[in-house]
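Since the structure comes first, as structure tokens, the remarks are kept for the end.
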């Protein structure tokens with residue numbers, strides 16, 4: 001109401017006032033216009049059609065309670081809109097796709113050391129479609145507040161042969177991934193804390209599959225396959241995993 | 001024309017309520033239907049002979065605890081089964097990281113690793129729990145059960161029952 005009082009002298013330009021609460025109530029063009037006055041048809045919350053004319057305070061017709069009720073109703077409408085927006089964001093983030101920031105050395109040839117922003121989709125992990133070779137984000141089994149990015153190496157029932165300590169020795173171990181679990185490993189096996197340390201992880205910990213890189217702009221694009229290793233011994237290992 | 005606009009309005013409002021409902025059930029609390037006898041004295045007591053949607057217990061699961069994953073002994077939690085991620089189970093936490101658990105029916109003691117917990121059903125004879133699949137990661141937990149809601153005569157708060165045995169420090 002105050003807004004109208006303040007601008008009553010400018011009321012001839014009232015249809016230009018970009019005040020969100022009132023924009024809806026003003027009809028787009030003046031209803032009648034004479035030389036000295038412009039009148040608008042205004043619909044107030046009380047559903048009474050009023051004529052708003054310069055120098056006539058029609059708002060006085062509304063009691064203080066009506067004015068407050070009007071303002072409160074508008075505020076509630078707006079906050080409901082904001083709540084709806086946040087709900088939509090939450091549902092998109094948890095059920096369709098969301099963004100994540102990855103950093104650290106464990107996925108080195110695929111993701112750089114510095115922060116990169118990626119898109120992850122949550123439909124395939126929800127339906128059990130994420131399979132061998134996909135890059136996934138999962139809750140760390142050792143600290144539920146932390147997320148890690150790894151690549152799925154084997155699904156349930158696979159025989160996984162891996163180097164226990166690739167920096168120092170060639171010792172390999174073979175394990176069978178139990179039911180409902182996956183085997184995850186970083187692409188940079190020399191500096192990665194993954195299933196070789198904490199064992200196979202339950203499928204329920206997977207949060208989403210990384211499928212697109214959006215930042216920095218230079219690397220915009222999809223996530224490729226696992227880069228080929230140069231180490232011949234490793235290559236043999238990977239092929240044996242692949243066949244099993 | 002009027003019918004079309006009516007259908008449109010109904011669609012729009014049901015979509016909105018779906019969004020809000022999903023958000024609330026993900027972030028605040030939801031209602032879950034308990035099946036099976038694995039938590040028997042607490043949920044679905046054995047004197048209840050017929051099973052079905054209306055006689056089984058319905059419980060309130062709060063999700064606020066998922067903000068920080070802080071749980072204590074005796075909490076009843078809902079979690080994804082580690083064997084099948086589509087299946088949800090309700091069990092009681094009897095061991096937290098660092099505890100030693102005496103595995104029943106054997107002489108082993110297991111130390112629970114960092115970020116894991118030991119879950120057991122209240123009905124040891126009819127329960128598939130950590131005694132068969134070992135400690136589970138805390139990240140699998142999907143909420144904490146606080147109240148029984150449905151059979152009207154059994155509406156009550158769930159108390160943190162101390163585990164019967166198996167807990168040694």
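Chains as they are written, first to last, in UniProt numbering: chain U, 1 to 244; chain Y, 1 to 169. We treat Cβ as the ideally placed atom computed from N, Cα and C, and that holds for glycine. Note that this is a predicted model, so its numbers are computed, not measured.
Nearest neighbour of residue i, chosen from the options [CA to CA]
i: residue 238/U; options: 213/U, 204/U, 108/U, 185/U; result: 185/U
i: residue 182/U; options: 200/U, 173/U, 196/U, 176/U; result: 200/U
i: residue 123/U; options: 226/U, 216/U, 211/U; result: 211/U
i: residue 221/U; options: 119/U, 85/U, 77/U; result: 119/U
i: residue 83/Y; options: 216/U, 89/U, 88/U, 177/U; result: 177/U
i: residue 125/Y; options: 136/Y, 36/Y, 24/Y, 85/Y; result: 36/Y
i: residue 145/U; options: 6/Y, 66/Y, 46/Y; result: 66/Y
i: residue 128/Y; options: 141/Y, 88/Y, 106/Y, 59/Y; result: 88/Y
i: residue 109/U; options: 192/U, 196/U, 240/U, 66/U; result: 192/U
i: residue 58/Y; options: 160/Y, 75/Y, 45/Y; result: 45/Y
i: residue 110/Y; options: 86/Y, 159/Y, 136/Y, 121/Y; result: 136/Y
i: residue 93/U; options: 106/U, 107/U, 121/U, 81/U; result: 121/U
i: residue 116/U; options: 218/U, 241/U, 226/U; result: 218/U
i: residue 94/Y; options: 150/Y, 29/Y, 161/Y, 18/Y; result: 161/Y
i: residue 97/Y; options: 11/Y, 107/Y, 27/Y, 139/Y; result: 139/Y
i: residue 90/U; options: 27/Y, 2/Y, 113/Y; result: 27/Y
i: residue 171/U; options: 234/U, 129/U, 224/U; result: 234/U
Listed by chain order, chain U residues near residue i by CB distance under 8 angstroms
i: residue 20/Y; result: 83, 84, 87
i: residue 126/Y; result: By Cβ distance, chain U contributes nothing, its closest Cβ being about 21 angstroms from residue 126/Y, past 8 angstroms.
i: residue 37/Y; result: Neighbours of residue 37/Y on chain U: none; closest Cβ ~23 angstroms, over 8 angstroms.
i: residue 114/Y; result: 142, 143
i: residue 138/Y; result: 144
Buried or exposed (CB count within 10 angstroms, at least 16 for buried), residue i
i: residue 202/U; result: buried
i: residue 190/U; result: exposed
i: residue 208/U; result: buried
i: residue 4/Y; result: exposed
i: residue 8/Y; result: exposed
i: residue 61/Y; result: buried
i: residue 287/U; result: Nothing in the structure corresponds to residue 287/U, since chain U is present only between 1 and 244.
i: residue 214/U; result: exposed
i: residue 43/Y; result: buried
i: residue 173/U; result: exposed
i: residue 114/U; result: exposed
i: residue 79/Y; result: buried
i: residue 154/U; result: buried
i: residue 38/Y; result: buried
i: residue 36/U; result: Only weak support is given to the placement of residue 36/U: the predicted model assigns it a pLDDT of 47, under 50, and the value that follows is read from those uncertain coordinates. Flag for residue 36/U reads exposed.
i: residue 68/U; result: exposed
i: residue 152/Y; result: exposed
i: residue 145/Y; result: buried
i: residue 107/U; result: buried
i: residue 105/U; result: exposed
i: residue 99/U; result: exposed
Nearest-angstrom Cβ-Cβ length linking residue i and residue j, presumed shorter than 8 angstroms
i: residue 141/U; j: residue 143/Y; result: Between residue 143/Y and residue 141/U the Cβ distance is about 19 angstroms, and since that is not below 8 angstroms, they are no contact.
i: residue 33/Y; j: residue 56/Y; result: 6 angstroms
i: residue 103/Y; j: residue 131/Y; result: 6 angstroms
i: residue 150/U; j: residue 138/U; result: 7 angstroms
i: residue 132/U; j: residue 152/U; result: 6 angstroms
i: residue 122/Y; j: residue 40/Y; result: 6 angstroms
i: residue 16/Y; j: residue 73/U; result: No, residue 16/Y and residue 73/U are not in contact; Cβ-Cβ is about 18 angstroms, not under 8 angstroms.
Contacts of residue i in chain U (Cβ-Cβ under 7 angstroms)
i: residue 16/Y; result: 84
i: residue 41/Y; result: By Cβ distance, chain U contributes nothing, its closest Cβ being about 27 angstroms from residue 41/Y, past 7 angstroms.
Under 9 angstroms by beta carbon: chain Y residues contacting residue i
i: residue 121/U; result: What residue 121/U touches in chain Y: nothing, since even the nearest Cβ is about 17 angstroms away.
i: residue 91/U; result: 18, 19, 22, 23, 26
i: residue 175/U; result: What residue 175/U touches in chain Y: nothing, since even the nearest Cβ is about 15 angstroms away.
Proximal residues of chain Y, C-beta to C-beta of residue i below 7 angstroms
i: residue 203/U; result: 85
Interface partners of residue i on chain U, CB under 9 angstroms
i: residue 69/Y; result: 143, 144, 145
Neighbouring residues, chain Y, relative to residue i (Cβ below 8 angstroms)
i: residue 180/U; result: 81, 82, 83, 84, 85
Could I get the ranges of all uninterrupted beta strand (DSSP E) runs contained in the stretch 20–104 of chain Y, with 3 residues as the minimum, in chain order?
29–33, 58–62, 76–80, 88–95, 100–102
List, from N- to C-terminal side, the beta strand (DSSP E) runs of 3 residues or more that fit wholly inside the UniProt domain "Peptidase S26" (109–150) of chain Y.
109–111, 116–120, 141–148
Runs of 4 residues minimum, wholly inside the UniProt domain "Peptidase S26" (85–162) of chain U: which ones carry the alpha helix (DSSP H) assignment?
123–127
In chain order, which alpha helix (DSSP H) runs of at least 4 residues are fully inside the stretch 150–227 of chain U?
195–198
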